[in-house]
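Here is the structure we will look at.
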Amino acid sequence: MGLAERILAGDLRAAARLMRDVDDGFASALEELKVLYPHTGRAYIIGITGPPGAGKSTLTDQITAAFRLQGKRVGIVAIDPTSPFTGGAILGDRIRMNRHADDPGVFIRSLATRGALGGISRSTGEVVNIMDAMGMDVVIIETVGVGQDEIDIVRMAHTTAVVMVPGLGDDIQAIKAGILEIADVFVVNKADRDGADRTARDLAVMLEMGKRQEGDWLPKVLKTEASRNKGIDELVAEFENHRQHLFSSGRIDHFLREKCAVVFSEMLKDRLFSAVLDRITADGRFNSTVESICQRDHNPYSAVETMLAEFLNRPATSL
Amino acid sequence: MAERKLRILVGKPGLDGHDRGAKVVARAFRDAGLEVIYTGLHQPPEQIVSAAIQEDVDCIGLSILSGAHNTLLPRVCQLLKDKQAEDISVFCGGVIPEDDIPGLKAAGLKEVFTPGTSTEDIVAWVKANIAC
Chain G
123 MGLAERILAG
133 DLRAAARLMR
143 DVDDGFASAL
153 EELKVLYPHT
163 GRAYIIGITG
173 PPGAGKSTLT
183 DQITAAFRLQ
193 GKRVGIVAID
203 PTSPFTGGAI
213 LGDRIRMNRH
223 ADDPGVFIRS
233 LATRGALGGI
243 SRSTGEVVNI
253 MDAMGMDVVI
263 IETVGVGQDE
273 IDIVRMAHTT
283 AVVMVPGLGD
293 DIQAIKAGIL
303 EIADVFVVNK
313 ADRDGADRTA
323 RDLAVMLEMG
333 KRQEGDWLPK
343 VLKTEASRNK
353 GIDELVAEFE
363 NHRQHLFSSG
373 RIDHFLREKC
383 AVVFSEMLKD
393 RLFSAVLDRI
403 TADGRFNSTV
413 ESICQRDHNP
423 YSAVETMLAE
433 FLNRPATSL
Chain E
5 MAERKLRILV
15 GKPGLDGHDR
25 GAKVVARAFR
35 DAGLEVIYTG
45 LHQPPEQIVS
55 AAIQEDVDCI
65 GLSILSGAHN
75 TLLPRVCQLL
85 KDKQAEDISV
95 FCGGVIPEDD
105 IPGLKAAGLK
115 EVFTPGTSTE
125 DIVAWVKANI
135 AC
């Protein structure tokens, strides 16, 4: 029996192994994912993002406990950074979630970014799909600790929570572009600390300045103390409000189409690129072209057009 | 062709609260290019084994300084067997008397590192003995 069939039959080791095959880029994983795809699309996907140390893992732990009380099965994808120098990583998000480790209704997987820069790993979408096919009702993606511009999560999750903490900046930080624009819910965690009200107010003012049309979702700013389990019920209720809004407003269709378009175009880009790169690396043209560009014998623009013309079987002048 | 990335779980079973050694070793594995799932202090064997299965690690490295190694470490090996996951190797490091080592190895521990072992030796052992 293949991994996909075993996963659909409830085999945890098969699921864990396919996640690894995907992460390691094994070609065989694609065949399994093809089988699983019709069994995906059922899970509700929540993204938790924010700066390092904001409390994302602790919040994820508490949110998971709340969903478990509702009887929902929860998958967690927790992402931590890969060393740019050694390729190694310390994945430490599980420390905050250990109490769920032997709950059969929870499956936690730690992923390393492996060079991806958008706050999640390249394999995140597939790992979420595998959890979806495993029958998880909710999948929580906890991004790597992010700064201002790592927003890949927004296309992946139905609902994105941006977690902030007091003391990270003034109201000018709050009107800058980037991750603050992607939140469906703002969480000011560690709300017992000085400045929490100020941070919440700055975010609320920023939201009021935004232009909205009738029927648009207005993100709320919620205060939590994750380590004391304060504000979690309100946060989980707000997730549900946003989910209902997505469906009742019909925006879910737009979201899903956008998501599928991104998935398809990214995959096409990756596969086309590696198909071309593999071939020109194998026949030595990659190195010789780089060398001639370095020597100023060729320019990179024409070199790319020449390659494209060959691979697309069209004259270079038409590109 | 795609290459396997070695994944290892580092954790501390039982009740002792000294995690400096586990952190130093975790860091050494990171610097050797491994993905280390660090699960922290006070882990019951059941949680260690569930985490190892969910994370699909190649091996589990346990640090133990409490003296409870003869109880907790064989339990981890037994639980892995119960879940048909004995292909995941287990090794340990800590304050472990020489006399206890044969018993631990008989219970399924692949290697036992005692005080004074260098991180280079531990990393070299993992690279030589753990296939992914």
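Protein chains in written order, with this note's numbering: chain G, 123 to 441; chain E, 5 to 136. C-beta atoms are modelled at their ideal positions from N, C-alpha and C, and glycine is treated no differently. Bear in mind the structure is a predicted one, so any value in this text is a computation, not a measurement.
Legend entry - Exposure of residue 142 of chain G, with buried meaning 16 or more beta-carbon neighbours within 10 Å: Answer is buried; the Cβ neighbour count reaches 16.
Legend entry - For residue 44 of chain E, the residue or residues it bridges with in DSSP: Looking at the DSSP assignment, residue 44 of chain E forms a beta bridge with E/15.
Inset, instruction - Spell out a yes or no on whether the region 204-211 of chain G and the region 229-244 of chain G are touching, meaning 3 or more CB-CB pairs, one atom from each, closer than 8 Å. - result: Cβ pair count under 8 Å is three or more, so yes.
Inset, instruction - Please check if any C-beta of chain E sits within less than 8 Å of the C-beta of residue 265 of chain G. - result: Chain E places no beta carbon closer than 8 Å to that of residue 265 of chain G, leaving this residue out of the contacts.
Inset, instruction - Within 10 angstroms of the Cβ of residue 421 of chain G, are there 16 or more other Cβ atoms? Answer buried if so, exposed if not. - result: Residue 421 of chain G sits exposed, since fewer than 16 C-beta atoms from the chains shown fall within 10 Å of its C-beta.
Inset, instruction - With residue 52 of chain E as the anchor, note down where its beta strand (DSSP E) starts and where it stops. - result: Counting along the chain, residue 52 of chain E falls outside any beta strand (DSSP E), though it belongs to the alpha helix (DSSP H) covering 49-59.
Legend entry - residue 197 of chain G classed as buried or exposed, judged by whether at least 16 other C-beta atoms fall within 10 angstroms: Buried.
Legend entry - Min CB distance residue 408 of chain G to chain E below 8 Å: No - not a single Cβ of chain E is within 8 Å of the one on residue 408 of chain G.
Legend entry - As assigned by DSSP and simplified to three states, the class of residue 148 of chain G: Coil, per DSSP.
Inset, instruction - Kindly confirm or deny that the region 395-414 of chain G and the region 174-190 of chain G touch, where touching means at least three C-beta pairs closer than 8 Å. - result: Look at the beta carbons and you see the region 395-414 of chain G not touching the region 174-190 of chain G: under three pairs across the two are nearer than 8 Å.
Inset, instruction - Please compile the residues from chain E whose C-beta is within a distance smaller than 8 Å of the C-beta of residue 134 of chain G. - result: Residues of chain E passing the Cβ test: 57 and 58.
Inset, instruction - Check the Cβ-Cβ distances between residue 158 of chain G and every residue of chain E, and say whether any is below 8 Å. - result: Answer no: the Cβ-Cβ gap between residue 158 of chain G and chain E never drops below 8 Å.
Inset, instruction - Spell out whether any CB of chain E is found under 8 Å from the CB atom of residue 146 of chain G. - result: Chain E contact via Cβ: present.
Inset, instruction - Could you have a look at residue 258 of chain G and say whether DSSP puts it in helix, strand or coil? - result: Shown here, residue 258 of chain G sits in coil according to DSSP, grouped into three states, outside any helix or strand.
Inset, instruction - Can you have a look at residue 389 of chain G and say buried or exposed, based on whether 16 or more other CB atoms are within 10 angstroms of its CB? - result: Exposed is the call here.
Inset, instruction - With 7 Å as the limit, tell me which residues of the region 33-44 of chain E have their beta carbon closer than that to any beta carbon of chain G; keep them in chain order. - result: Residues 33, 34, 35, 36, 37, 38, 39, 40, 41, 42, 43 and 44.
Legend entry - Ranges of the beta strand (DSSP E) found wholly within the region 63-120 of chain E, counting only runs of at least 3: You should have 63-68, 93-98 and 115-117.
Inset, instruction - Could you work out which residue in E/56, E/30 and E/63 is closest to residue 10 of chain E when comparing CA atoms only? - result: If you compare the alpha carbons of E/56, E/30 and E/63 with that of residue 10 of chain E, the shortest gap goes to E/63.
Inset, instruction - Answer with buried or exposed for residue 43 of chain E, where buried requires no fewer than 16 other C-beta atoms within 10 angstroms of its C-beta. - result: Residue 43 of chain E should be labelled buried.
Legend entry - Neighbour list for residue 79 of chain E in chain G, Cβ cutoff strictly below 8 Å: Annotation: residue 79 of chain E has no Cβ neighbours in chain G at a cutoff of 8 Å; minimum Cβ distance is about 13 Å.
Inset, instruction - With DSSP collapsed to three states, give me the class of residue 315 of chain G. - result: It is coil, neither helix nor strand.
Legend entry - Any 3 or more C-beta pairs closer than 8 Å across the region 163-175 of chain G and the region 216-228 of chain G: Fewer than three Cβ pairs drawn from the region 163-175 of chain G and the region 216-228 of chain G lie within less than 8 Å of each other, which leaves the two stretches out of contact.
Legend entry - Neighbour list for residue 9 of chain E in chain G, Cβ cutoff strictly below 7 Å: 146, listed in chain order.
Legend entry - Assigned secondary structure, residue 132 of chain G (DSSP; H/G/I helix, E/B strand, else coil): When secondary structure is reduced to three states using DSSP, residue 132 of chain G falls in the coil class, being assigned neither helix nor strand.
Legend entry - C-beta neighbour in chain E for residue 213 of chain G, strict 8 Å: Put simply, the CB of residue 213 of chain G is near chain E, with a gap under 8 Å to one of its CB atoms.
Legend entry - DSSP-derived helix/strand/coil call for residue 298 of chain G: Coil at residue 298 of chain G, not helix or strand.
Inset, instruction - Kindly say whether residue 414 of chain G, judged by its beta-carbon, lies nearer than 8 Å to any beta-carbon of chain E. - result: Chain E contact via Cβ: absent.
Legend entry - Proximal chain C residues relative to residue 208 of chain G, where beta-carbon distance stays under 8 Å: Among the chains of the structure shown, chain C does not appear; the protein chains present are G and E.
Inset, instruction - Give a yes or no on whether the minimum CB-CB distance between residue 47 of chain E and chain G is below 8 Å. - result: For residue 47 of chain E, at least one C-beta of chain G is nearer than 8 Å to its own C-beta.
Inset, instruction - Under 7 Å Cβ to Cβ from residue 195 of chain G, same chain only, skipping five residues before and after it: list those, please. - result: Within the same chain, residue 195 of chain G has close Cβ partners 227, 257, 258 and 259.
Legend entry - C-beta atoms of residue 200 of chain G and residue 190 of chain G nearer than 8 Å: When the beta-carbon positions are compared, residue 200 of chain G and residue 190 of chain G stay at least 8 Å from each other.
Inset, instruction - Using three-state DSSP, classify residue 221 of chain G as helix, strand or coil. - result: In this structure, residue 221 of chain G counts as helix in the three-state DSSP scheme.
Inset, instruction - Kindly indicate the opening and closing residues of the alpha helix (DSSP H) around residue 25 of chain E. - result: Following the DSSP letters along the chain, one finds residue 25 of chain E inside the alpha helix (DSSP H) bounded by residues 24-35.
Inset, instruction - Measure the Cβ-Cβ separation of residue 345 of chain G and residue 322 of chain G and say whether it is below 8 Å. - result: Their beta carbons are under 8 Å apart, which means residue 345 of chain G touches residue 322 of chain G by this criterion.
Inset, instruction - Would you mind sorting residue 119 of chain E into buried or exposed? The rule is 16 or more other CB atoms within 10 Å of its CB. - result: Burial is judged here by how many other beta carbons sit within 10 angstroms of a residue's own beta carbon; residue 119 of chain E has fewer than 16 and is exposed.
Inset, instruction - Name the one or two DSSP bridge partners that residue 450 of chain G has. - result: The structure shown has nothing for residue 450 of chain G, since chain G only spans 123 to 441.
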